[in-house]
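S.K.: Just so you know, the sequences run in chain order S and U. Position one of the first sequence corresponds to residue 0 (numbering that gives the first Met the number 0), numbered consecutively onward. Position one of the second sequence corresponds to residue 0 (numbering that gives the first Met the number 0), numbered consecutively onward. C-beta atoms are modelled at their ideal positions from N, C-alpha and C, and glycine is treated no differently. Below you'll find the structure I mean.
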Amino acid sequence: MLSRTADHLYWMSRYIERAESLARLVDAHYQMSLLPHSGETLAQSLSSTMRALHMDEAYRKRHETIEPGAVFEFVSLNRDYSGSIFSCLRSARENARAVRGSLTSELWETLNATWLELRPLAARRSPAADIGSFVEWVKERSHLTRGVIVGTMMHDEAFHFTRIGTFLERADSTARILTAHQSDLVPGAAAGVVPDPFAWSVLLRALSAFEIYRRVYRDVITPSKVAQLLILRDDMPRSLLRCCKEVYQNLKSVTNEQSAETERRAGEMHAMLHFTRMEAITAGGLPRFLEEFLARVRDLGDRIASDFLLPPAEV
Amino acid sequence: MANQPYDEMYLGERAARSHYLRYAQWFRDQPQERLAQKRAEADALFHRVGITFAVYGQEEGAERLIPFDIVPRVLPREEWIRLEQGLKQRVRALNAFIHDIYHDQQILKAGVIPAEQILCNSQYRPEMQGVDVPGDIYAHIAGIDIVRDDAGEFRVLEDNLRVPSGVSYMLENRKMMMRLFPELFSGHRVAPVDHYPEVLLDNLRSVAPTGVADPTVVLLTAGAHNSAYFEHAFLAQQMGVELVEGQDLFVRDEAVFMRTTQGPQRIDVIYRRIDDDFMDPLVFRPDSMLGVPGLLTAYRAGHITIANAIGTGVADDKSIYPYVPEMIRFYLGQSPAIANVHTWLLRRKEDRDYVLAHLPELVVKEVHGAGGYGMLIGPAATLAEIELFRRQIIAAPDRYIAQPTLALSTCPTFVDQGLAPRHIDLRPFVLSGRDVTIVPGGLTRVALRDGSLVVNSSQGGGTKDTWVLET
Numbered sequence: 000m001l002s003r004t005a006d007h008l009y010w011m012s013r014y015i016e017r018a019e020s021l022a023r024l025v026d027a028h029y030q031m032s033l034l035p036h037s038g039e040t041l042a043q044s045l046s047s048t049m050r051a052l053h054m055d056e057a058y059r060k061r062h063e064t065i066e067p068g069a070v071f072e073f074v075s076l077n078r079d080y081s082g083s084i085f086s087c088l089r090s091a092r093e094n095a096r097a098v099r100g101s102l103t104s105e106l107w108e109t110l111n112a113t114w115l116e117l118r119p120l121a122a123r124r125s126p127a128a129d130i131g132s133f134v135e136w137v138k139e140r141s142h143l144t145r146g147v148i149v150g151t152m153m154h155d156e157a158f159h160f161t162r163i164g165t166f167l168e169r170a171d172s173t174a175r176i177l178t179a180h181q182s183d184l185v186p187g188a189a190a191g192v193v194p195d196p197f198a199w200s201v202l203l204r205a206l207s208a209f210e211i212y213r214r215v216y217r218d219v220i221t222p223s224k225v226a227q228l229l230i231l232r233d234d235m236p237r238s239l240l241r242c243c244k245e246v247y248q249n250l251k252s253v254t255n256e257q258s259a260e261t262e263r264r265a266g267e268m269h270a271m272l273h274f275t276r277m278e279a280i281t282a283g284g285l286p287r288f289l290e291e292f293l294a295r296v297r298d299l300g301d302r303i304a305s306d307f308l309l310p311p312a313e314v
Numbered sequence: 000m001a002n003q004p005y006d007e008m009y010l011g012e013r014a015a016r017s018h019y020l021r022y023a024q025w026f027r028d029q030p031q032e033r034l035a036q037k038r039a040e041a042d043a044l045f046h047r048v049g050i051t052f053a054v055y056g057q058e059e060g061a062e063r064l065i066p067f068d069i070v071p072r073v074l075p076r077e078e079w080i081r082l083e084q085g086l087k088q089r090v091r092a093l094n095a096f097i098h099d100i101y102h103d104q105q106i107l108k109a110g111v112i113p114a115e116q117i118l119c120n121s122q123y124r125p126e127m128q129g130v131d132v133p134g135d136i137y138a139h140i141a142g143i144d145i146v147r148d149d150a151g152e153f154r155v156l157e158d159n160l161r162v163p164s165g166v167s168y169m170l171e172n173r174k175m176m177m178r179l180f181p182e183l184f185s186g187h188r189v190a191p192v193d194h195y196p197e198v199l200l201d202n203l204r205s206v207a208p209t210g211v212a213d214p215t216v217v218l219l220t221a222g223a224h225n226s227a228y229f230e231h232a233f234l235a236q237q238m239g240v241e242l243v244e245g246q247d248l249f250v251r252d253e254a255v256f257m258r259t260t261q262g263p264q265r266i267d268v269i270y271r272r273i274d275d276d277f278m279d280p281l282v283f284r285p286d287s288m289l290g291v292p293g294l295l296t297a298y299r300a301g302h303i304t305i306a307n308a309i310g311t312g313v314a315d316d317k318s319i320y321p322y323v324p325e326m327i328r329f330y331l332g333q334s335p336a337i338a339n340v341h342t343w344l345l346r347r348k349e350d351r352d353y354v355l356a357h358l359p360e361l362v363v364k365e366v367h368g369a370g371g372y373g374m375l376i377g378p379a380a381t382l383a384e385i386e387l388f389r390r391q392i393i394a395a396p397d398r399y400i401a402q403p404t405l406a407l408s409t410c411p412t413f414v415d416q417g418l419a420p421r422h423i424d425l426r427p428f429v430l431s432g433r434d435v436t437i438v439p440g441g442l443t444r445v446a447l448r449d450g451s452l453v454v455n456s457s458q459g460g461g462t463k464d465t466w467v468l469e470t
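What follows is the structure in structure tokens.
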């Protein structure tokens, strides 16, 4: 397939996934803001999350203090900020439009309808009360899009690049959410201090992991189990291990003459997560682990681009 | 001045022509609200599917619909057969003309067309002189604009031999009509059109460079911001070929390749939807980012087919148009089956004197204009506009032609007040490859504003489904 087509498909699904991740984060914090006495934890969580997502600078250009309503509005609907949910959905649709002939009609119509519905939603300048239903809608559109991708696309190269985009973005997003909460995850916290239940619930809800945690551990929430679940569980759809496995497998299906090293690195990431234990990660320090992980995700993204998506000009 | 226009549906007060009888009967039985609701449904569907054109200079993602009218334009079988024959004849002659111009130039030697009018034309491409193209075909896809005058006669208004567009609307309009009013199609035998992409692909494959057994065809677009992008994507998808941009292609050893995820892949036929000027920055506009450097070298070496060929513009220029009937006589030895519209060439003194004295009743067009721009419609123009054109004509008479203001035929059209007559034209798409083929009908464009003669979508025109009846 055309490199440019692969590039647009890859970014289309990255942007959809990014919009969903942001919607989950907004949703989790929004739910928290409805609870009494959540003020300080909420502000702290918002501020560390914005830092981890590199959104704080752009936000502070527009607002002096972290105020939940303003943050939700900024992250969800700001048209001028390229990192907002609004902008992600617009970029997803633009990428789709650029290759609409390579999409199934169902997929194109789904993305186009998302955009057509988004514009009036955003124009209404939703008051904070609407934020909850807005992020619900974003999640539903993302679920729908992913379902249409899996259910209608031929499982060929185009499909694999779409999946690579989804899981590479998800790996990045999970790692950033963990980074925002890394102080709650150090084992020391379990020894003495009672972990803040609000912080846990934000973290777990943002990753659809709250109910799964209960089912898997049937136990009170402890930092090391949370970390275990979100980093090393193979059957947890948003865990780092799971994302790396999907990236690696899809990458193997599109292999070309120059991609051997990229596959090796993806395989190495997967193997490392597959065979390591939580103790080994915490021994080296969780923050360092996450930092390295994010650097590797970035490296993989760059390598995929130069191997497949934007091959250097022929001499 | 224009007489009473020909009405496509009605003979007189409420009496429908025979090929419209059944439709008119059906229409009378429809509650107005149902039709209005169907029209709204059509708009919603077109938006959802994204059958839109980009509006230049507006917010990203701001795309407009081309208004679709729910009343079809119906052509009886006998009329279509005559039209089809005339169109094939015309396109054969035009292809013979372009081949001649880029080879022996017999028509110039015979004095049928003044040589300077061809050789000094900005659309003449000296780079094409002596270049052989497969099957001697240049205009693989031709859009011939047909109008019907007040006497009910068809006339050719314009030939489009460069990158004619609109065929996707022909196909989508039919799909929409069948979805909205399936009952109409069980009551009428309407000739199908949906095989167009297949015929197009077959034609493109048939003109691949010699020796290529299984040619790879691509469609070259200027990109998602081009106003006709929907059509490009649509046709590529329907034909199952790659939709490429210039940046996806490169030339190595006089062969053209596309960049794929599995490395370079050789291509054989380019159905291009960008103008000559942008095709190869090494030969034409050096600032073009849309083309492929070196493409012309590969083309001249015969390693790639470009459809339509480079240099077809020399035959669809409005100053060449008056000579097409002569071409038909010269190359085919036949008399033209469809007449031209009378045309004054303003470079000729006697024509110019007449036109300048009659500007308020004539239509003046720029020779290279398209899309309804650069045009004066005398009867609808203000005095100031007429004076502006007068000065422009005197300053550069070569750039203009003039024609009588035609009373384009009208077709009843569904407007807010019910049915009202609106002026229409017809663009059939003539495909040349192994043979010359036309999918029955074409795109009917309709001027939606009351009294307007301008059917171009960029100027507030809409479209209709076009039916050719089989019985």
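With distances taken between CB atoms, is the gap from valine 438 of chain U to serine 104 of chain S smaller than 9 Å?
M.R.: No, Cβ-Cβ distance for valine 438 of chain U and serine 104 of chain S is not below 9 Å.
S.K.: Lysine 463 of chain U bridges to which residues according to DSSP?
M.R.: Looking at the DSSP assignment, lysine 463 of chain U forms a beta bridge with U:Asp68, U:Thr443.
S.K.: From alanine 69 of chain S to glycine 460 of chain U, what does the alpha carbon distance come to, in whole angstroms?
M.R.: Their Cα atoms are separated by approximately 45 Å.
S.K.: For glutamate 469 of chain U, does the three-state DSSP call read helix, strand or coil?
M.R.: Residue state, collapsed to three classes: coil.
S.K.: Determine which residues of the region 135 to 151 of chain S have a Cβ less than 7 Å from any Cβ of chain U, and write them out in chain order.
M.R.: Listed by position along the chain: nothing, the set is empty.
S.K.: Taking the Cβ atom as the reference point for each residue, do leucine 231 of chain S and leucine 239 of chain S lie within a distance shorter than 9 Å?
M.R.: Yes, the Cβ-Cβ distance between leucine 231 of chain S and leucine 239 of chain S is below 9 Å.
S.K.: Which value, in whole angstroms, describes the spacing of the CA atoms of glycine 191 of chain S and phenylalanine 292 of chain S?
M.R.: With a pLDDT of 43 at glycine 191 of chain S, under the threshold of 50, the modelled position of that residue is not reliable, and no figure is offered here.
S.K.: Using a beta-carbon distance below 9 Å, is leucine 1 of chain S in contact with chain U?
M.R.: Closer than 9 Å: yes.
S.K.: Going by other Cβ atoms of all chains shown within 10 Å of its Cβ, with 16 needed for buried, is arginine 162 of chain S buried or exposed?
M.R.: Buried, since its Cβ has 16 or more Cβ neighbours within 10 Å.
S.K.: State yes or no: is the C-beta of proline 286 of chain S within less than 9 Å of the C-beta of threonine 178 of chain S?
M.R.: Result yes, Cβ atoms of proline 286 of chain S and threonine 178 of chain S sit closer than 9 Å.
S.K.: Could you tell me the boundaries of the beta strand (DSSP E) in which tyrosine 399 of chain U lies?
M.R.: Where tyrosine 399 of chain U is concerned, the enclosing beta strand (DSSP E) stretches over 399 to 403.
S.K.: To which residues does DSSP link arginine 271 of chain U through a beta bridge?
M.R.: The partner list for arginine 271 of chain U (beta bridge, DSSP) reads U:Leu219.
S.K.: Just how far apart, CA to CA, sit alanine 226 of chain S and leucine 115 of chain S?
M.R.: So the two alpha carbons sit approximately 39 Å from each other.
S.K.: Please classify proline 263 of chain U: does DSSP put it in a helix, a strand, or coil?
M.R.: Of the three classes helix, strand and coil, the one that applies to proline 263 of chain U here is strand, per DSSP.
S.K.: Go to valine 192 of chain U, then tell me how far its alpha helix (DSSP H) extends in each direction, as first and last residue.
M.R.: It is not in any alpha helix (DSSP H) - valine 192 of chain U carries neither H nor E in the DSSP assignment.
S.K.: Compute the beta-carbon to beta-carbon distance between histidine 139 of chain U and glycine 432 of chain U, rounded to the nearest angstrom, for a pair I have assumed lies under 8 Å.
M.R.: Correct: roughly 7 Å between the Cβ atoms.
S.K.: Beta carbons nearer than 9 Å to chain S: which residues of the region 286 to 313 of chain U have them?
M.R.: The region 286 to 313 of chain U vs chain S, Cβ under 9 Å: nothing.
S.K.: Do the region 281 to 298 of chain U and the region 316 to 324 of chain U touch if we need at least three Cβ pairs shorter than 8 Å?
M.R.: Too few Cβ pairs lie closer than 8 Å, so no.
S.K.: Do we get a CB-CB distance below 9 Å when we pair threonine 64 of chain S with the residues of chain U?
M.R.: No, threonine 64 of chain S does not count as interfacial toward chain U.
S.K.: Considering lysine 348 of chain U, what are the terminal residues of the alpha helix (DSSP H) in which it resides?
M.R.: Here the alpha helix (DSSP H) through lysine 348 of chain U covers 348 to 356.
S.K.: Output yes or no for whether 9 Å exceeds the beta carbon distance between arginine 38 of chain U and phenylalanine 52 of chain U.
M.R.: No, the Cβ-Cβ distance between arginine 38 of chain U and phenylalanine 52 of chain U is not below 9 Å.
S.K.: For the beta strand (DSSP E) holding aspartate 144 of chain U, just list the boundary residues, first then last.
M.R.: Note, aspartate 144 of chain U: beta strand (DSSP E), 140 to 147.
S.K.: Considering serine 47 of chain S, what are the terminal residues of the alpha helix (DSSP H) in which it resides?
M.R.: Unbroken alpha helix (DSSP H) run through serine 47 of chain S: 38 to 51.
S.K.: Note the first and the last residue of the continuous alpha helix (DSSP H) segment covering proline 181 of chain U.
M.R.: Per DSSP, proline 181 of chain U belongs to the alpha helix (DSSP H) from 181 to 186.
S.K.: Would you mind reading off the limits of the beta strand (DSSP E) that contains glutamate 157 of chain U?
M.R.: Note, glutamate 157 of chain U: beta strand (DSSP E), 153 to 159.
S.K.: Going along the chain, which residues of the region 220 to 237 of chain U sit with their C-beta nearer than 9 Å to a C-beta in chain S?
M.R.: For the region 220 to 237 of chain U, which is checked against every Cβ of chain S, the residues closer than 9 Å are Gly222, Ala223, Tyr228, Phe229, His231, Ala232, Phe233, Leu234, Ala235, Gln236, Gln237.
S.K.: Tell me where the beta strand (DSSP E) around proline 324 of chain U begins and ends.
M.R.: It is not in any beta strand (DSSP E) - proline 324 of chain U instead sits in the alpha helix (DSSP H) that spans 323 to 326.
S.K.: Looking at C-beta atoms only, is the number of pairs between the region 248 to 266 of chain S and the region 292 to 308 of chain S that lie closer than 8 Å three or more?
M.R.: Flag = yes, the region 248 to 266 of chain S and the region 292 to 308 of chain S touch.
S.K.: What is the DSSP secondary structure of histidine 422 of chain U, counted as helix, strand or coil?
M.R.: Looking at histidine 422 of chain U - three-state DSSP - the assignment turns out to be strand.
S.K.: Counting only Cβ pairs nearer than 9 Å, list the residues of chain S close to glycine 262 of chain U.
M.R.: Asn255, Glu256, Gln257, Pro310, listed in chain order.
S.K.: With distance defined between alpha-carbon atoms, name the residue in U:His194, U:Pro163, U:Glu157, U:Val155 nearest to lysine 174 of chain U.
M.R.: Taking only the C-alpha atoms, the option nearest lysine 174 of chain U is U:His194.
S.K.: Consult DSSP for alanine 97 of chain S and reduce its assignment to one of helix, strand or coil.
M.R.: If DSSP states are grouped into helix, strand and coil, alanine 97 of chain S belongs with the helices.
S.K.: Flag this pair as touching only if the region 201 to 217 of chain U and the region 237 to 252 of chain U have three or more C-beta atom pairs under 8 Å; answer yes or no.
M.R.: Judged by Cβ distances under 8 Å, the region 201 to 217 of chain U makes contact with the region 237 to 252 of chain U, as three or more pairs qualify.
S.K.: How many angstroms separate the CA atom of serine 17 of chain U from the CA atom of valine 467 of chain U?
M.R.: Looking at the two C-alpha atoms, the distance is approximately 14 Å.
S.K.: Please report the Cβ distance between leucine 345 of chain U and tyrosine 399 of chain U, rounded to the nearest whole angstrom; I am assuming they are in contact, meaning their Cβ atoms lie under 8 Å.
M.R.: Confirmed, Cβ separation roughly 5 Å.
S.K.: Tell me which residues of the region 239 to 254 of chain U have at least one Cβ-Cβ distance to chain S shorter than 8 Å, keeping chain order.
M.R.: Listed by position, the residues of the region 239 to 254 of chain U near chain S (Cβ gap below 8 Å) are Glu241, Leu242, Val243, Glu244, Gln246, Asp247, Phe249, Arg251.
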